[in-house]
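One structure is given below, encoded as structure tokens.
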Amino acid sequence: MAYLSVIVLLPLAAVAVRSVDGGLGGFWRAVSSPEAQSALELTVVLSLIVVAINAVTGTLIAWVLVRDSFRGKGVVNAIIDLPFALPTIVAGLTLLALYGPRSPVGVDVSYARVGVGMALLFVTLPFVVRAVQPVLMELDRDMEDAAVSLGASGWQVFTRIVLPGILPAILSGVALAFARAIGEFGSVVLISGNLPFKTEVASVFIFGQIESDNIPAAAAVSIVLLAASLLLLAAIAGLSRWGRRHEL
Amino acid sequence: MSSRSRSTLALRSTALGYLALILVAPVGLVFYRTFEHGFAAAWHSVTTPAAQHAFWLTVELVAIAVPLNTIFGVAAALAIVRHRFPGRALFSSLLDLPFAVSPVVVGLALVLVYGRKGWFGGWLADHGIQVIFSVPGMVLATIFVSLPFVVREVIPVLREIGTEQEEAATTLGASLLVTFRRITLPAIRWGVAYGVVLTTARALGEFGAVSVVSGHVAGQTETLTLHVQDRFEAFDLAGAYAASVVLAILAISTLASMSLLKRRGAPA
Amino acid sequence: MSIELSGVRKSFGDFVAVDDVSLEVRDGSLTALLGPSGSGKSTLLRIIAGLEVPDSGRVVIAGADRTDTPARSRDVGFVFQHYAPFKHMTVRDNIAFGLKIRKVPRERIRERVGELLGLVHLEGYAGQYPSQLSGGQRQRMALARALAVEPRVLLLDEPFGALDATVRKELRAWLRRLHDDVHVTTIFVTHDQEEAMEIAEQIVVLNEGRIEQIGAPREVYEHPATEFVMGFVGPVTHIGGSMVRPHDVDIATTPVAGGTEALVERILHLGFEVRVELVTGDGLPVHAQLTRQECEELELREGQIVYIRPNRLLRAVA
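Protein chains in written order, with the numbering used here: chain A, 37 to 284; chain B, 424 to 691; chain C, 2 to 319.
Next up, the structure:
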């Protein structure tokens with residue numbers, strides 16, 4: 037308990053306290069400064085787009101990993117976890133190498149929002165896949181056979197039978213991915229160029245504020261991010277309960 | 424080709440194609456670029472004094488953070504699963520905090536408490552202890568971000584094995600410590616192993632939090648991840664790529680250990 | 002609709018599940034595919050449904066060759082051993098599923114679902130979820146769901162296997178009555194010979210992917226075509242090298258012509274029946290089945306020497 041407090045709780049509490057250094061008014065001013073607003077907006081919008089993409093691609097990848105079989109599937113399954121294991125700064129660098137100024141394929145997304153988006157796609161890749169995989173594996177195949185025997189086409193089986201079953205898992209993965217995306221720093225910091233009002237996300241903004249010794253502003257925006265993440269964590273816990281409501 | 428296998432193929436290619444574009448190609452390219460000019464050149468880039476120092480500092484941080492978090496993790500898991508105490512659910516949820524917090528916020532938080540103007544700052548300065556902009560701060564940051572993994576892996580294992588074996592040991596006369604060493608620990612060893620591997624990977628790869636608390640003094644307070652950024656900003660791409668490859672190899676070894684553990688041990 | 006299978010073969014890797022099966026099922030009949038696990042009966046059923054594609058052979062339903070038709074177009078109703086309910090849909094939506102797929106107008110769907118709920122006696126449960134139903138109720142729902150689209154053929158894969166003994170007995174009788182009312186060609190798979198005997202008009206005995214015998218229950222029981230059928234369809238005991246049904250073993254307390262001397266080892270009172278375990282002079286065990294009355298009349302005791310004689314021998318006809 038003491039360990040936890042010293043390491044985790046105390047520092048976070050400090051952030052909360054310092055964020056209202058200038059009172060609630062100061063908090064509000066810091067959070068609603070144009071640069072902060074722009075950073076938060078960009079962060080949220082980009083993260084939403086990225087997790088929406090992940091919802092589709094993650095489900096697709098999970099489907100292929102569970103239902104399909106081909107040579108090298110085991111390797112593919114293992115590399116899904118690469119974004120978990122790879123340091124974020126390295127992730128950013130690798131994307132920059134392929135899709136930046138020195139790109140061998142002539143694609144340059146550096147200093148652009150697309151670049152930031154791609155970095156986020158990289159780091160959030162495993163979340164939906166890993167959330168959906170176990171649920172897909174447990175799904176009662178007989179249900180799908182039953183639907184087929186009743187006349188359903190492949191697509192109908194997927195949308196009416198499989199999808200409702202895996203939806204909670206997809207949403208769970210999406211929530212985790214979103215929580216990760218809004219706080220992401222390392223992979224974004226190189227590729228985005230950190231241009232305020234253009235490619236500066238919330239975490240980079242906070243970093244900048246710390247460097248300029250503008251602590252209250254940094255703390256204020258941090259609290260916003262923190263609050264969002266905590267809400268998401270709670271939502272995920274609720275989702276897993278909701279997902280089990282129809283278990284036989 | 425029947426329509427069924429056509430759609431299977433389409434799905435498979437799309438999934439693999441996406442993975443290739445986002446994941447495999449970028450990482451592969453960096454490997455290529457690193458060894459493009461031969462192994463010797465790459466070795467040279469990665470054995471500069473700064474790079475070496477960064478490497479050993481990273482190892483040091485991991486060597487401290489992982490054992491501490493492992494001990495804490497096992498203890499916390501035991502407390503949560505086997506004992507009822509007020510606030511148990513809260514404690515368990517709090518353990519997920521490091522997952523939810525942005526690394527930069529972690530750094531900020533530590534600065535606010537242990538920095539010179541922080542809550543403990545004065546007291547620490549008076550005793551000549553510097554935490555922020557120095558290694559201890561980075562240790563704290565590393566511990567913070569890699570805290571939950573062992574706990575999270577051990578808890579389900581503990582739940583699954585139940586208390587019967589331990590109870591049997593007690594009825595046969597074993598003391599608490601003996602029961603723990605001979606019954607509990609072996610039973611949870613795979614969970615612990617997974618947790619350790621995940622903790623290590625996370626600790627190795629930490630960037631944002633240590634970036635805030637380190638002060639970026641090359642050759643002194645730079646981890647390998649910070650070193651990558653440093654080289655990049657100094658336009659030394661070769662150095663940056665080489666260090667990245669070292670980190671990537673460590674990451675891939677982590678994944679390989681996980682796969683191996685999965686095959687040899689109990690289900691995760 | 003009648004069904005004809007000719008030369009159907011199916012393997013999974015090295016394992017031959019169905020080995021050259023040819024079979025005719027009359028329109029409107031109630032047939033059982035009976036056999037031990039691994040005999041290929043479920044695979045055969047799934048081939049008829051179109052859920053599996055045979056390696057060779059043809060499947061003809063109502064005179065039309067359906068071997069290459071996918072399951073969704075075959076118009077068969079399939080009921081699974083573990084019911085396969087659509088967990089996230091209500092009972093009503095489960096039953097209506099096939100109709101919704103066929104874009105039947107909503108009014109008609111409502112009517113039809115109402116009819117079926119009445120047929121399977123689940124009237125009050127329309128808005129409930131499968132997780133709220135008992136096993137027997139879920140199975141009735143599964144049946145209603147399969148019947149909703151008025152299939153040409155109804156296929157049931159060990160439909161009562163996962164239920165309690167009492168529920169099983171109830172549902173067996175209920176299925177028989179249902180078939181009398183609805184008259185759809187029905188094939189069900191079971192490993193329980195009692196179930197097959199009780200429900201089916203025609204039994205197909207399968208073993209290791211091959212048909213051992215086809216016939217009415219009585220036929221299969223009294224005139225088994227092979228030793229396997231003998232042993233599988235009913236209890237068997239051996240006297241002097243021949244196979245006999247235990248209830249065909251006569252026990253006498255005094256020597257009889259053609260009888261064998263045997264020692265009564267144990268007498269087990271199983272309710273109405275009494276099972277007598279004996280051992281003959283050459284050390285071979287025999288068991289006989291008597292009614293309580295017969296046992297009392299003979300005043301049998303353990304350790305007693307008696308004389309046993311089969312009153313009817315089982316012989317492989319084929």
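Backbone N, C-alpha and C fix where the C-beta goes; we use that ideal spot for every residue, glycine too.
Check: DSSP state of V524/B mapped onto helix, strand, coil; Outcome: coil
Check: Cβ of P123/A within 8 Å of any chain B Cβ; Outcome: yes
Check: Exposure label - M173/A; buried when at least 16 CB within 10 Å; Outcome: exposed
Check: DSSP three-state assignment for T281/C, whether helix, strand or coil; Outcome: strand
Check: Start and end residues, beta strand (DSSP E) containing A18/C; Outcome: F16 to V26
Check: Euclidean distance between Cα positions of A98/A and R47/C; Outcome: 28 Å
Check: Chain-ordered chain C contacts of L172/A [CB-CB under 9 Å]; Outcome: Those within 9 Å of L172/A in chain C number zero; the least Cβ separation is about 15 Å.
Check: Nearest-angstrom Cβ-Cβ length linking L122/A and G628/B, presumed shorter than 8 Å; Outcome: 6 Å
Check: Any C-beta of chain B under 8 Å from that of L156/A; Outcome: no
Check: Under 7 Å from the C-beta of A182/A: neighbouring residues of chain C; Outcome: F79, F81 and A85
Check: Contact residues within the region 49-80 of chain C, judged by C-beta distance below 9 Å to chain A; Outcome: A50, G51, L52, P71, A72, R73, S74, R75, D76, V77, G78, F79 and V80
Check: Short CB-CB distance (under 8 Å) between Q192/A and chain C; Outcome: yes
Check: Close Cβ partners of L164/C (< 8 Å) along its chain, the five nearest in sequence each way excluded; Outcome: G136, G137, Q140 and L172
Check: Amino acids of chain A, ordered along the chain, whose beta-carbon sits closer than 7 Å to that of P336/C; Outcome: There is no way to answer for residue 336/C, as the model of chain C reaches only from 2 to 319.
Check: Residue of A18/C, T68/C, G36/C and A33/C minimising C-alpha distance to L6/C; Outcome: T68/C
Check: Cβ-based burial, Q169/A [other Cβ within 10 Å; buried from 16]; Outcome: buried
Check: Minimum C-alpha distance to R654/B - residue among V102/A, I125/A, V80/A and L101/A; Outcome: I125/A
Check: 8 Å Cβ shell around N113/A - same chain, five flanking residues per side excluded; Outcome: L101
Check: Closer than 8 Å to chain B by CB, W278/A; Outcome: no
Check: For K540/B, three-class secondary structure by DSSP; Outcome: coil
Check: Cβ contact check for the region 9-29 of chain C and the region 673-688 of chain B: 3 or more pairs under 8 Å; Outcome: no
Check: Reference I49/C; option with closest CA among H89/C, R103/C, G64/C and L156/C; Outcome: L156/C
Check: N- and C-terminal bounds of the beta strand (DSSP E) containing V54/C; Outcome: Careful: V54/C lies outside any beta strand (DSSP E) and carries neither H nor E.
Check: Separation of K540/B from I202/A, as counted between CA atoms; Outcome: 50 Å
Check: Between the CA atoms of R107/C and V154/C - distance to the nearest angstrom; Outcome: 25 Å
Check: DSSP beta-bridge partners of H288/C; Outcome: E278/C
Check: Identified DSSP bridge partners for R10/C; Outcome: S57/C
Check: Distance, I89/A Cα to V81/A Cα; Outcome: 13 Å
Check: Residue nearest to D283/C in terms of C-alpha spacing, selected from E303/C, L118/C, A174/C and I240/C; Outcome: I240/C
Check: Contact list for the region 433-446 of chain B against chain A, Cβ threshold 8 Å; Outcome: L434, R435, T437, A438, L439, Y441, L442, I445 and L446
Check: Contact the region 128-143 of chain A vs the region 51-59 of chain C: 3+ CB pairs below 8 Å; Outcome: no
Check: Presumed contact (8 Å Cβ cut-off) between L34/C and V205/C, rounded CB distance; Outcome: 5 Å
Check: In DSSP terms, what F189/C is bridged to; Outcome: A33/C and L157/C
Check: Partner residues on chain C for S258/A, Cβ-Cβ distance less than 7 Å; Outcome: Chain C residues near S258/A: none, gap ~40 Å exceeds 7 Å.
Check: Beta carbon of R41/C nearer than 8 Å to that of G210/C; Outcome: Going by the sequence as given, residue 41/C is Gly instead of Arg. Going by C-beta atoms, G41/C is nearer than 8 Å to G210/C.
Check: CB contact check: G284/C to chain A, cutoff 8 Å; Outcome: no
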